[in-house]
Amino acid sequence: MELVKCKNCGRFFRPISRASNFCDRPLEDGSGRTCKSISSQWYVDQRKGENPAYDEYVLYRKRYRSRITRNSTKNPYSRYDDWNIRAHTLLDSYNRGEITLESFSKTLKEMDEDMKPLDKM
Ligand SMILES: [Zn+2]
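Every letter in the sequence shown is one number past the one before it in our numbering, and letter 20, counting from 1, is 7.
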């Protein structure tokens, strides 16, 4: 079997079957997950136009990123990083059908409270 490029991390690996597109390496985020374990998420991401939860996530992400660009003292990047991890966990739950779109939106909105510029808190 020849080497295949992992569609998540881009490194080459030797697949067990011809259908494998993802390697078994652990992710660098320290979550203990591997490229293979997030592969379903990856496929969902490829269809973002069809995933309302993902679209919503992208809207918030754009908002926070532009705030950081404008003023990273009032909008620290570390806080955005934390948010991003939490939002991704939430998105994972939605994609696995564990939470509804409604509760996904509600939680993102609640998390938005923590993302206000620091001088407004
Ligand atoms: Zn990989």
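Quick reminder that beta carbons are idealized off the backbone N, C-alpha and C, glycines included.
- If you ignore the 5 residues before and after CYS(-4), its C-beta comes within less than 7 Å of the C-beta of CYS10, ARG12, CYS22, all in its own chain and listed in chain order.
- Taken in chain order, the unbroken stretches of alpha helix (DSSP H) that lie wholly in the region 1 to 89 and span 4 residues or more are 26 to 33, 39 to 57, 64 to 82.
- When the alpha-carbon of TRP70 is set against those of GLY19, ARG20, LYS103, the nearest one is in LYS103.
- In the three-state reduction of the DSSP assignment, LYS(-8) falls in the strand class.
- Those residues placing their Cβ nearer than 6 Å to any heavy atom of ligand 1 are, following chain order, CYS(-7), ASN(-5), CYS(-4), ARG(-2), PHE9, CYS10, ARG12, CYS22.
- When the Cα atoms are used, GLU(-11) and ARG1 turn out to be separated by approximately 6 Å.
- The beta carbons of TYR41 and LEU95 sit about 11 Å from each other, so the pair does not count as a contact at 8 Å.
- C-alpha of LEU77 to C-alpha of SER18: approximately 14 Å in a straight line.
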